Structures are given as C-alpha cells and as structure tokens.
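*Asks:* The structure is given below, and queries will be raised subsequently.
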Amino acid sequence: MRPIETRTPLNEPLDLAEGPVWDDMLGMLWFVDITQQLILQLDPDSGALRRFPMPAQVGSLGLATNGRLVVALRSGVHLFDPNTSELEFLVNPEPTPTTNRLNDGKVGPDGNFWVGSLDGRPTRERVAALYRITPEGTSTRIVGGLYCSNGLAWSPDGRTMYHADTLGSYVQVFDFDPRSGQARNPRKLLTLDRAQGLPDGGAVDVEGHYWSAGISAGVINRISPDGVIVERIPLPVTAPTMPCFGGPDMRTVFVTALASDRSGTYQAGSVVSFRVEVPGLPACRFGERIPA
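Reminder that position 10 of the sequence shown reads as 10 in the UniProt record's numbering, one-by-one numbering, no gaps.
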C-alpha cells in the first residue's frame, strides 16, 4: 500500500457521512449524514459547514440545474433548493417494502438520477434494487435482487456504468448508452472480501480506473477497467463510505466515513482528503445530458 498525506477539512464529528459530490460552480463539497437527516455543504478551504435538515433520512444527492440538488430521501426522490429550503417531490421508486430505504445515488452522463436501495433490517435479504429516475419523475427498475446498492460511477466515455452490492461483495459493470440511459449486459467485474474492503461508494478517474471505498478495511481500492486492483490507498479512517474527485483541478480526493469503533477506539464520522496525480471526472447534473 502506498502511504499518502491526508488532511481533514472538517473538524466537526458526524455520524454516517456519505455521498460526496464536488460542485464545480460553487467550489464546494456537498454530502449527507444519513442518520442525522442532513444535507451538508463544506468549504474545504475554510472548513465552513452549512447544514440543511431534511424531513427523513437522506441517502444521497446529485447536482441539478438552477442551483438545486436532486436528493434521495427515505420518502422518495426530491428536488431541493438550498436557497429557499424548498423540497419538490418527484417520485418514490420503492414504496415497499417499507423496511428498505434509498441509498447510494448519482447523476449519470444521460442526465438521469440513478439510485439504489438497501434492506434496512439487521438481517438483510436480497430485496433491494437499482432505479433510473428521469427529470420528469419517471422511475424505471434496472436490476433487483440486491442487498445494498452502492458504488455508482461511469467511465470517461460514458459507455460503462459501475455498480456495487456491498454485502454481495462484488462490483459489476453494465454496457451504458449515455443518449438513451439504457444499461445492459450486467456482469461481475470483481469480488472483494472484508480484508480487501467490501465495496461501498465509487468514483472514476480520467484514465478509467474505478476508485472503490473499502468500507471494511479502511482503504480506497483503485481498480483497472479489467477488474485488477492496481493500488490500495490506506486511510486514517476505518470505515470509508465514498470517494469523489474535486478541487479546481479535480486532483483532490474527498472521502466520507461513518462513525466506527472497529479499531478499538471510537472514530466519529468525518471527511478526509488527499491529493492525487490523475484527476477525476466532474459530476454530471440532473437534466443535462453529456454530449456523446
């Protein structure tokens, strides 16, 4: 493993920090604290943090047009305006089972919001799924039979979609059409055990490598397009949940983490960052399709 120098741009304790998204227009990092029902906006330079309370658990978010966000609440997918705190309901893709909740989500190069669910019961079963949500509020179920949908990301050309099932211990890929938003031909890319790091959230760099948060091992696994772990990056947190690329040059990796006592000492949820040589891809915006 290659040692890295990390910094902590946020000094306030969190619980279940997840879903970081770099807003290149504002120069800010958005993320959520699921259990505290918060959307958060972080200025990584000053450490200033803004909190936006939500009426339900919030699993993930994405950038949208007109300064808004698309957010996945337990009650469904909404548009959120940080300037007015107004929530606009779009659709609830999974009203049943009620023990499920929406989890990892991202805006794809097709301009749609892709979001999955998880079984929220202590003994989880394969009752979760992955959905595609259009700006018009149409929901399409893409794949089911999941424990915990996670790890969404897209290749630089938008032709491959990455997706993980954390408790299923695998990362899979789909052939993806950024014009139509069709995801086809799912196939497993690799499996990861607890020592390697069960796959939580993911991101992709400009070279096409997939960065997977190894939530059980305190690492980021950098994975080649053909499914080989080419680098393992140790972190000062024991339970990383998702990486994202950001900063003016897209060469800063921000990683959210959940609270954990896995090391024998309690660690609050947090955000850490480190610099890399290979930049990442900018976040897509809900309702804006990337030209093919």
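Using N, Cα and C, we set each Cβ at its ideal position, and we do this for glycine too. Note that the coordinates shown come from a computational prediction; the quantities given were computed from them, not determined experimentally.
With a Cβ-Cβ cutoff of 8 angstroms, do G158 and G287 count as a contact?
*Replies:* No, these two residues do not count as a Cβ contact at 8 angstroms.
*Asks:* Can you round the beta-carbon distance between F245 and V253 to whole angstroms, since I take them to be within the 8 angstroms contact cut?
*Replies:* Confirmed, Cβ separation roughly 6 angstroms.
*Asks:* Going straight from the alpha carbon of I4 to that of M161, what length do you get?
*Replies:* Going by the C-alpha atoms only, they are around 28 angstroms apart.
*Asks:* Tell me, which residues are paired with V276 by DSSP?
*Replies:* According to DSSP, V276 bridges with nothing at all.
*Asks:* Contact between the stretch 116 to 125 and the stretch 41 to 54 is defined here as three or more beta-carbon pairs at a separation below 8 angstroms; is this criterion met?
*Replies:* Not touching, per the Cβ criterion.
*Asks:* Restricting to runs no shorter than 3 residues, where is the beta strand (DSSP E) found entirely within the stretch 87 to 135?
*Replies:* DSSP runs (the beta strand (DSSP E)) wholly in the stretch 87 to 135: 100 to 107, 113 to 119, 128 to 133.
*Asks:* Determine whether the beta carbon atoms of K106 and L73 lie at a separation below 8 angstroms.
*Replies:* Result no, Cβ atoms of K106 and L73 do not sit closer than 8 angstroms.
*Asks:* Between A56 and S75, how many whole angstroms is the CB-CB distance? I'm expecting something under 8 angstroms.
*Replies:* Their Cβ separation, rounded to whole angstroms, is 5 angstroms, which keeps A56 and S75 in contact under 8 angstroms.
*Asks:* From the DSSP output, in three-state form, read off Q57 for me.
*Replies:* Coil.
*Asks:* Work out the CA separation of P20 and E231 for me, nearest whole Å.
*Replies:* Taking the straight line joining both Cα atoms gives about 21 angstroms.
*Asks:* Using 8 angstroms as the threshold, is the stretch 174 to 184 in touch with the stretch 194 to 207, meaning 3 or more CB pairs across them?
*Replies:* With a cut-off of 8 angstroms, the stretch 194 to 207 and the stretch 174 to 184 do not count as touching, because too few Cβ pairs lie within range.
*Asks:* What does a CB cutoff of less than 6 angstroms around L87 pick up in its chain, not counting 5 residues either side in sequence?
*Replies:* So the list reads H78, F80, once near-sequence residues are dropped.
*Asks:* Which whole-angstrom value is the C-beta distance of Y210 and T191, which I expect to be below 8 angstroms?
*Replies:* Contact flag wrong, Cβ pair sits at about 14 angstroms.
*Asks:* CA-CA distance, P109 and M25?
*Replies:* Their backbone Cα atoms lie some 18 angstroms apart in a straight line.
*Asks:* Under a three-way DSSP split, which group does T6 fall into?
*Replies:* Three-state result, T6: strand.
*Asks:* Helix or strand or just coil, what does DSSP make of T65?
*Replies:* Of the three classes helix, strand and coil, the one that applies to T65 here is coil, per DSSP.
*Asks:* Taking V91 as the reference, give the member of P122, S60, T140 with the closest Cα.
*Replies:* It is T140 whose Cα lies nearest to the Cα of V91.
*Asks:* Beta-carbon within less than 8 angstroms of L38's beta-carbon, same chain only, minus the 5 sequence neighbours each way: which residues are those?
*Replies:* Counting only Cβ-Cβ distances below 8 angstroms, and skipping sequence neighbours, we find V32, R51, F52, P53, M54, V58.
*Asks:* Kindly indicate which three-state DSSP category D45 falls into: helix, strand or coil?
*Replies:* Coil at D45, not helix or strand.
*Asks:* Tell me the DSSP secondary structure of I142 in three-state form.
*Replies:* Three-state DSSP puts I142 in a strand.
*Asks:* In this structure, does DSSP put T166 in helix, strand or coil?
*Replies:* Note: T166 maps to coil in three-state DSSP.
*Asks:* Does the ligand GDP have a heavy atom nearer than 7 angstroms to the CB of F80?
*Replies:* The model depicted lacks the ligand GDP and carries no ligand whatsoever.
*Asks:* Inspect the beta-carbon positions of D165 and L189 and report whether they are closer than 8 angstroms.
*Replies:* Result no, Cβ atoms of D165 and L189 do not sit closer than 8 angstroms.
*Asks:* Looking at V206: is its Cβ nearer than 8 angstroms to the Cβ of L235?
*Replies:* No; because the gap between Cβ atoms is not below 8 angstroms, this pair is not in contact.
*Asks:* Within 10 angstroms of its Cβ, does R275 collect 16 or more other Cβ (buried), or is it exposed?
*Replies:* The residue is exposed, with fewer than 16 neighbouring Cβ atoms inside 10 Å.
*Asks:* In whole angstroms, what is the alpha-carbon distance linking I290 and Y266?
*Replies:* Approximately 42 angstroms, taken between the alpha carbons.
*Asks:* Could you compute how far the alpha carbon of L130 sits from the alpha carbon of G67?
*Replies:* One C-alpha to the other measures close to 26 angstroms.
*Asks:* Looking at V271 and L10, is the spacing between their C-beta atoms short of 8 angstroms?
*Replies:* It is a contact, given that the beta carbons lie within the stated cut-off.
*Asks:* Which one or two residues does DSSP pair with T238 in a beta bridge?
*Replies:* BP columns for T238 are empty, so no partner.
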